[in-house]
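Residue 72 in full-length UniProt numbering sits at position 72 of the sequence shown, and the numbers go up by one each step. For reference, the structure is listed below as structure tokens.
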Amino acid sequence: MTQATARHILVATEEQCQDLKTAIEGGADFAQVAKDNSSCPSSRDGGNLGSFGPGDMVKEFDEVVFSAPLNVVQGPVKTQFGYHLLEVTDRQD
């Protein structure tokens, strides 16, 4: 079964999400931005979500995680929880 390893940052607004993406693209450390800004408990671990399979996360999240190139920040991705930046760090088919 396909498995992905990813990290994310969860915030309340699309504007904040875009601002954080711009900062990361400008050289800010993803893990530190997650620790400082993400409302998800994974923020304590730099946004790391570990390894998971299709269907383990919400649909909008899965669509990005299982199609995005590795190590490229994706988003903003809107889910029922808010706005996410996602980075897929590994995927095994």
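By construction, the Cβ of each residue, glycine as well, lies at the ideal position given by its N, Cα and C atoms. For clarity, every value in this text was computed on a predicted model and none was experimentally measured.
Between the stretch 4–18 and the stretch 67–77 there are three or more inter-stretch CB-CB distances shorter than 8 Å, so the stretches are counted as touching. From the listed residues His-84, Thr-22, Asp-93, the smallest Cα separation to Thr-13 is found for His-84. Leaving aside the five residues that flank Ala-34 on each side, the residues in its chain whose CB is nearer than 6 Å to its CB run, in chain order, Ile-9, Ser-43, Gly-46, Gly-47. When secondary structure is reduced to three states using DSSP, Thr-22 falls in the helix class. Counting along the chain, no beta strand (DSSP E) covers Gln-32; the unbroken alpha helix (DSSP H) around it starts and ends at 30–37.
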